[in-house]
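Inspection log for the structure reproduced underneath, given as structure tokens.
In the working numbering, the protein residues as written are 96 to 161.
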């Protein structure tokens with residue numbers, strides 16, 4: 096499987112459960128098989144995501160507080 100060109104499966108009812116720096120943890124459910132068949136079983140999934148792009152210098156200096 097080529098991770099660059101292979102699309103990820105859909106994650107249903109996904110929620111962010113942790114954000115730390117450039118890392119995020121998502122939890123949700125993935126339908127096994129045909130994504131359009133609502134009768135297929137689902138499995139609980141947990142995805143770890145790391146942002147790998149540099150921030151523009153002016154964005155990095157901005158406050159993220161409201």
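Glycine included, each C-beta is placed from N, C-alpha and C at the ideal position.
Roughly how many angstroms separate the alpha carbons of residue i and residue j, rounded to a whole number?
{"i": "residue 124", "j": "residue 107", "result": "5 Å"}
{"i": "residue 102", "j": "residue 143", "result": "16 Å"}
{"i": "residue 145", "j": "residue 122", "result": "15 Å"}
{"i": "residue 115", "j": "residue 138", "result": "25 Å"}
{"i": "residue 104", "j": "residue 140", "result": "11 Å"}
{"i": "residue 111", "j": "residue 129", "result": "25 Å"}
List the endpoints of the continuous beta strand (DSSP E) containing residue i.
{"i": "residue 119", "result": "118-126"}
In this structure, does DSSP put residue i in helix, strand or coil?
{"i": "residue 136", "result": "coil"}
{"i": "residue 144", "result": "strand"}
{"i": "residue 113", "result": "strand"}
Quick check on this structure: which residue in the options has the alpha carbon closest to the alpha carbon of residue i?
{"i": "residue 148", "options": "134, 118, 140 and 127", "result": "118"}
{"i": "residue 135", "options": "143, 126 and 104", "result": "126"}
{"i": "residue 120", "options": "128, 109 and 129", "result": "109"}
Here's a check: name, in chain order, each residue in its chain whose Cβ is nearer than 8 Å to the Cβ of residue i, leaving out the five neighbours to either side.
{"i": "residue 132", "result": "126"}
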